[in-house]
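S.K.: One structure coming up, written as structure tokens, with questions to follow.
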Amino acid sequence: MKKVVMYSTGFCPYCTRAEALLGQRGVTEIEKIRIDTDPAQREAMMSRTNRRTVPQIFIGDTHVGGYDDLAALDRAGGLLPLLEGSD
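Heads up, the sequence shown is in UniProt numbering, so the first residue is 1 and it goes up one at a time.
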């Protein structure tokens, strides 16, 4: 399973939803990068994604986007193949 990285904040309902969905799809480990406690990480996230909102989710080298993007990818049947693909 590919590595999952999620930019998040301490209280973020969409981050919680994203974690739950990923957990349902077999993800047991998510590297969380807190942008509320580390301003440098906020800047890094914005330059990496061109977005300001959390969560911002990466599966391997692929930027999935936020929770809505993750859920849409799952509904379209693309999440599991992306998670299980080789790096």
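The beta carbon of each residue, even a glycine, is placed where N, CA and C say it ideally should be.
Being a predicted model, the structure only gives us computed values, none of them experimental.
#1: Any chance you could list the beta strand (DSSP E) runs of at least 3 consecutive residues sitting entirely within the stretch 1–80, in chain order?
#2: Count the other C-beta atoms from every protein chain shown that fall within 10 angstroms of the C-beta of residue 76, then say buried if there are 16 or more, exposed otherwise.
#3: When we look at the beta-carbon of residue 39 and count the other beta-carbons within 10 Å, is it buried (16 or more) or exposed?
#4: Is the separation between the beta-carbon of residue 9 and that of residue 54 shorter than 7 Å?
#5: Report all residues from its chain with a CB closer than 8 Å to the CB of residue 69; omit the five preceding and five following residues, and keep chain order.
#6: Tell me which same chain residues have a C-beta within less than 7 Å of the C-beta of residue 71, skipping the five on either side of it?
M.R.: Straight from the coordinates:
#1: Listed in chain order, they are 4–8, 30–34, 56–59 and 62–65.
#2: Residue burial annotation: residue 76 is exposed, with fewer than 16 other C-beta atoms found within 10 angstroms of its C-beta.
#3: Its Cβ having fewer than 16 others within 10 Å, residue 39 is exposed.
#4: Closer than 7 Å, so yes.
#5: Only 57 meet the Cβ criterion.
#6: Closer than 7 Å at Cβ, skipping near neighbours: 21.
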